Each structure stands twice: as C-alpha cells, then as structure tokens.
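Trainee: Could you have a look at this structure, given as structure tokens, before my questions?
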Amino acid sequence: MQQFALVTTISLSLASGAFAGMDMPVFGGPMKHIAVHLHENMLEAHVDDSVPTPILQNYGQMYGGNASVLNDTMYNAQYGWMVEGLWAPPSGSFLWIEQISATAGLMTYSGGTMMDPGTFDPIFGTAGSSSAIMWGGTMLHNWYAVTAPGTYSATYRIYFGDINGIAIDGYEADEVTLNWTTVPTPGAVAVLGLLGAALRRRRRN
Ligand SMILES: [Cu+2]
C-alpha cells in the first residue's frame, strides 16, 4: 500500500512539471544586462555586476514548439544585450555581436524578452550557425544551454559592420566575457530521492 502511494507521488510530480513548462521556458533569475553604448568612436559593453553569475539549470520541464531545443538541457536566459543612451550605428552600418571564444558544449539559441521568447534559432556557432549575429538594438536575451555540468564562459566582440558583418573603419570594438555555472538536475535528484525512499521501505518490509 505504501509503495503504491509512492509511485502515485512520482507520476504526479512529473506531470505537473511538464504542464508548468509548456508555454515558455523560465529566464532562471533576474535579468543581467550587457549595456552597450557609444562613447565618441568607441563601443563600450558593460556587464551588470550587481546580479550574481547566472546558473544553467534543468527545471524538469518539457517545452513545445521551437522551445523544445531546451528540453533535457540546463539553460538560462538572464544575460540580455541592451542599448544604453541615444545613439545609432553610423550610416550604412549595423551592430554586430561575434562570439570569439566559448567553453566547449555551450549552445546558444536566439531569444528576446520576458514577453517574447524569440525564435530559438541556433546562433553563435551552435549547430553550424554563424559565429556572429546582426543586432537591431532591442533587448535581446538569448537562451544558453548545456548538457554537462561545469563552469562555462563565452567572449564576444561587439562592433559596427556592414551588411555582411565586415567591420567598418573608424570605430573601436569592445569585448565582453559572460560566465555561467550549473546545478544538478533538480528533477532527477527528487526522483532519485523518492526511489531511494521506496527501496529503503521495501528492504524494511
Ligand atoms: Cu532585459
């Protein structure tokens, strides 16, 4: 009788996890912005140090549609590119963000805001995509995902480029490094704990 009750608890918790995540993945914490501004002819990117290092986490949820790329990963979307101040790219140029290095296994999917999660298209070299993206300057929280625990980082160059991403003359680019850590899958830990309890109970019986 006790064992039957335990099995029911496990299936209920799995079902509620699946439902909660159906619509939209979670950011994983408060927004951590990379503020980009133009100072004379220099682009400058500053990471908001007041928000702690984001944690890539598996919430035990399954997502539908384009967000399904995050299924079975530890992920986070706290980092957001944001334009600071009133300025525009020089005539005929665009803002580009290029990933110049990253920890192996770090995957990135195109994001948006808390209201609009974006397209989830692979970017920054993920799944054979280009290492650079053109950025229109609206808030951009990309989705970062990994499948192995550890510490991760990625370094980006932000610059003015032409339509093909070729840097234009006369302006200085900036570089910025983002960092993440991971936590063990809470869902897996919870289920293992329940199984352990079930086994201990069975041994006693
Ligand atoms: Cu934001």
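Going by the numbering used here, the first residue of the sequence shown is number 69, and it counts up by one from there. A virtual CB, placed ideally from N, CA and C, is assigned to each residue, including glycine. No experiment lies behind these values; they were computed from the predicted model shown.
(1) Would you mind sorting residue 247 into buried or exposed? The rule is 16 or more other CB atoms within 10 Å of its CB.
(2) Does the beta-carbon distance from residue 201 to residue 234 come in below 7 angstroms?
(3) Sort 93, 219, 112 by Cα distance to residue 170 and report the nearest one.
(4) By the DSSP assignment, the beta strand (DSSP E) with residue 155 in it spans what residues?
(5) Leaving out five residues on either side along the sequence, give the residues of the same chain with a beta carbon under 8 angstroms from the beta carbon of residue 238.
(6) Taking 8 angstroms as the cut-off, does the region 125-138 touch the region 223-230 (at least 3 CB pairs, one atom from each stretch)?
(7) When burial is assigned at 16 or more other CB atoms within 10 Å of the CB, is residue 251 buried or exposed?
(8) Once the 5 residues before and after residue 89 are set aside, which same chain residues still bring their CB inside 7 angstroms of it?
(9) Report the residue from 105, 146, 112, 116 whose alpha carbon sits nearest the alpha carbon of residue 153.
(10) The beta strand (DSSP E) that contains residue 115, what's its start and end?
(11) Could you tell me whether the Cβ atoms of residue 186 and residue 180 are closer together than 7 angstroms?
(12) Does DSSP put residue 135 in a helix, a strand or coil?
(13) Which complete beta strand (DSSP E) runs does the region 155-190 hold, if anything under 3 residues is left out?
Mentor: With the given structure in hand:
(1) Residue numbering aside, residue 247 sits at position 179 when the sequence shown is read from its first letter. By the 10 Å Cβ count, residue 247 comes out exposed.
(2) Position 133 of the sequence shown, counted from the first residue, corresponds to residue 201. Position 166 of the sequence shown, counted from the first residue, corresponds to residue 234. No. Outside cutoff.
(3) By one-based count along the sequence shown, residue 170 stands at place 102. A check of alpha carbon separations from residue 170 across 93, 219, 112 identifies 219 as the nearest.
(4) Here residue 155 is taken as the residue at index 87 of the sequence shown, counted from 1. Segment: none, residue 155 is in no beta strand (DSSP E) and carries neither H nor E.
(5) Translated into the one-based positions of the sequence shown, residue 238 becomes position 170. Answer for residue 238: 109, 158, listed in chain order.
(6) Per the Cβ contact rule, the region 223-230 is not in contact with the region 125-138 (fewer than 3 Cβ pairs under 8 angstroms).
(7) As a working mapping, residue 251 is identified with position 183 in the sequence shown. Label assigned to residue 251: exposed.
(8) Looking up residue 89 in the sequence shown gives position 21. A caution first: residue 89 carries a pLDDT of 43, below 50, which makes its placement in the model too unreliable to give a value.
(9) On the sequence shown, position 85 is the one that residue 153 refers to. Measuring C-alpha to C-alpha distances from residue 153 to each of 105, 146, 112, 116 identifies 105 as the nearest.
(10) Taking the sequence shown and counting its residues from 1, the one referred to as residue 115 is at position 47. Under the DSSP assignment, residue 115 falls in the beta strand (DSSP E) whose first and last residues are 110-115.
(11) By one-based count along the sequence shown, residue 186 stands at place 118. By one-based count along the sequence shown, residue 180 stands at place 112. It is a contact, given that the beta carbons lie within the stated cut-off.
(12) Start at 1 with the first residue of the sequence shown, and residue 135 comes out as number 67. Helix at residue 135.
(13) Counting only runs of 3 or more, we get 162-170, 175-180.
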